[in-house]
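**Student:** Structure provided below as structure tokens; questions to follow.
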Amino acid sequence: MGNVGREAALAVLPAAMATEPQQGVAARMLYFPAELLDCHACRLPLKPPIYKCEAEHRVCSTCSGLHGEVCSSALAHSKMADEFAAAASETCDYVRYGCDAGGVVYHLAAEHRRSCPHAPCGCPEGCGFFGSRQMLLNHVSGPDHSRPIIDIRYGQEWKLSLPLSHRWYVLLGEVDQAAAAAAAGADRHRNVFLVSLGERGDTTAVSVVCVRADGGAPEAAQFSCRLAVEHPGDGTRVIFESPLMSSSSLSGGAPAPGNVRALPVPNEYLSGDSIPVSIHIYKLERPSAAAPDIPTAVPLPPTTPAVATPSPHSAAATVTVALHSPTGDQSNKKRKATNPRKYSTPNRS
């Protein structure tokens with residue numbers, strides 16, 4: 001990802017480079033073309049240690065060993081270039097979507113963009129909307145689509161009766177307490193999931209994805225899921241389990257049935273014009289600093305194809321999605337008074 005010809009300018013705070021304490025000097029911002037801090041060889045942002053030759057070529061440590069092949073001048077470590085690289089910053093591209101990271105060090109900006117939780121997501125309807133997950137929730141529940149938002153808890157079974165007249169439904173996970181403690185706005189720290197329904201041959205494919213544009217970031221929350229649909233007559237179930245849920249930014253709308261792993265539900269398992277589906281979503285634990293960098297899964301059997309099994313006789317939460325008049329329990333009254341989104345919260349039986 002070269003930055004040749006880039007018109008954006010970087011801001012540098014001179015005081016950040018000072019080696020002696022200075023008093024009575026106000027902070028000032030200087031601006032200069034970003035490519036001045038790009039490696040002469042690979043054109044990627046320079047990060048310390050930086051080397052410079054007599055021909056004023058600035059190169060990163062990775063490219064320093066090959067510089068002699070294109071230039072006869074000897075390289076030397078440039079402390080001043082190191083200081084500039086450490087002080088140069090730019091604003092995140094997603095500040096308009098709510099990112100409040102402030103100035104991001106230039107050579108870390110690309111990494112920040114890949115993991116920024118405010119990176120925009122599209123609308124499941126494919127209407128052209130793009131915004132943060134918070135904006136997306138307001139968009140789909142607002143006048144544009146008037147769709148309910150279904151609250152869920154991790155590790156519990158939720159039975160949803162989803163009308164086939166709509167092909168996608170939005171679930172909202174629990175508040176991430178650790179993230180919410182660092183910033184205001186609880187819903188900004190709740191994970192969003194999309195349940196999609198689509199025709200696949202003579203079956204209805206049911207899939208779940210985590211809606212986020214930063215799903216590949218190391219610190220992004222990861223989930224496993226289990227889907228099950230019970231036969232209305234004999235009580236058998238078709239089941240699908242995934243130890244690691246896929247994520248999607250919905251840049252092209254809701255995922256097509258053939259583009260994501262899904263549970264194929266035979267027509268005889270439908271209940272009239274609705275599909276009765278049970279959903280488990282488990283949040284995976286992050287490993288400790290000394291452990292390998294892979295999530296620790298809540299125990300789940302290996303991913304299996306759809307199979308019929310007897311229905312267990314255990315209590316489960318139940319909710320029927322109302323397309324126009326979603327209902328919720330009394331605990332949501334205060335939130336509904338300040339937030340116009342439509343919530344549908346299952347009541348535990």
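Just so it is clear: in the sequence shown, position 137 is 137 by full-length UniProt numbering, and no numbers are missing. Glycine is no exception: its CB is placed at the ideal position from the N, C-alpha and C atoms.
1) Please classify Cys127: is it buried, with 16 or more other beta-carbons within 10 angstroms of its beta-carbon, or exposed?
2) Helix, strand or coil for Cys39 per DSSP?
3) From Gln134 to Ala254, what distance separates their C-alpha atoms?
4) Do Asp82 and Pro48 have their C-beta atoms within less than 8 Å of each other?
5) Exposed or buried, Gly185, counting other C-beta atoms within 10 Å across all chains shown (16 or more means buried)?
6) Between which two residues does the beta strand (DSSP E) containing Ala81 stretch?
7) Using three-state DSSP, classify Met17 as helix, strand or coil.
8) Since Val192 contacts Val170 with CB under 8 Å, what's their CB separation in whole angstroms?
9) Looking at C-beta atoms only, is the number of pairs between the segment 195 to 214 and the segment 246 to 263 that lie closer than 8 Å three or more?
10) Taking 8 Å as the cut-off, decide whether the C-beta atoms of Pro163 and Ser274 are in contact.
11) For Gly131, write down the residues that DSSP places opposite it in a beta bridge.
12) State yes or no: is the C-beta of Glu90 within less than 8 Å of the C-beta of Ala74?
13) Going by DSSP in three states, Glu174 sits in which element: helix, strand or coil?
14) Assuming Glu111 is part of the alpha helix (DSSP H), what are its boundary residues?
15) Please classify Val95 as buried or exposed, where buried requires at least 16 other C-beta atoms within 10 Å of its C-beta.
16) Output yes or no for whether 8 Å exceeds the beta carbon distance between Tyr97 and Ser78.
17) Evaluate Asp100 with the Cβ neighbour count: other Cβ atoms within 10 Å of its Cβ, from every protein chain shown; 16 or more gives buried, anything less gives exposed.
18) Measuring CA to CA, which of Ser64, Gly258, Ser224 and Ser146 is closest to Thr203?
19) Grab the span of the beta strand (DSSP E) containing Ser207 for me, first residue to last.
20) Considering only DSSP beta bridges, list what residue 358 is partnered with.
**Tutor:** Looking at the coordinates:
1) Here residue 127 corresponds to residue number 127 of the sequence shown, with the count starting at 1. The residue is exposed, with fewer than 16 neighbouring Cβ atoms inside 10 Å.
2) To locate residue 39, count along the sequence shown from 1; it is residue 39. Reduced to three states, the DSSP call for Cys39 is coil.
3) Sequence index remark: in the sequence shown, residue 134 carries index 134 (1-based). Sequence index remark: in the sequence shown, residue 254 carries index 254 (1-based). Looking at the two C-alpha atoms, the distance is approximately 17 Å.
4) Translated into the one-based positions of the sequence shown, residue 82 becomes position 82. Translated into the one-based positions of the sequence shown, residue 48 becomes position 48. Contact flag set, yes.
5) Counted from its first residue, the sequence shown places residue 185 at position 185. Unreliable positioning characterises Gly185 in this predicted model, as indicated by a pLDDT of 47, which lies under 50. A coordinate reading is not provided.
6) Translated into the one-based positions of the sequence shown, residue 81 becomes position 81. Unbroken run through Ala81 is the alpha helix (DSSP H), Lys79 to Ala87; no beta strand (DSSP E).
7) Here residue 17 refers to the residue found at position 17 when the sequence shown is read from its first residue. Low confidence applies here, because Met17 scores a pLDDT of 44, under 50, leaving its location unreliable; read the following figure in that light. The three-state reading of DSSP puts Met17 in helix, counting H, G and I together.
8) Counting from one through the sequence shown, the residue named residue 192 turns up at place 192. Counting from one through the sequence shown, the residue named residue 170 turns up at place 170. Contact holds; Cβ gap of about 6 Å.
9) yes
10) Looking up residue 163 in the sequence shown gives position 163. Looking up residue 274 in the sequence shown gives position 274. Contact: yes.
11) Residue 131 sits at position 131 when you count from the first residue of the sequence shown. Cys121.
12) In the sequence shown, counting from the first residue as 1, residue 90 sits at position 90. In the sequence shown, counting from the first residue as 1, residue 74 sits at position 74. By the CB criterion at 8 Å, Glu90 and Ala74 fall outside the cutoff.
13) By one-based count along the sequence shown, residue 174 stands at place 174. The answer is strand: DSSP assigns Glu174 an E or B state.
14) Against the sequence shown, residue 111 aligns to sequence position 111. Where Glu111 is concerned, the enclosing alpha helix (DSSP H) starts and stops at Ala109 to Ser115.
15) Locating residue 95 in the sequence shown gives position 95, where the first residue counts as 1. That one is exposed.
16) Counting from 1 along the sequence shown, the entry for residue 97 is found at position 97. Counting from 1 along the sequence shown, the entry for residue 78 is found at position 78. No, they are not a contact pair.
17) Locating residue 100 in the sequence shown gives position 100, counting from the first residue. It counts as exposed.
18) In the sequence shown, residue 203 corresponds to position 203, counting from 1. It is Gly258 whose Cα lies nearest to the Cα of Thr203.
19) Taking the first residue of the sequence shown as position 1, residue 207 is located at position 207. Looking at the DSSP string, the run of the beta strand (DSSP E) that includes Ser207 is Thr203 to Val211.
20) With the chain running from 1 to 349 in the structure shown, residue 358 is simply not present.
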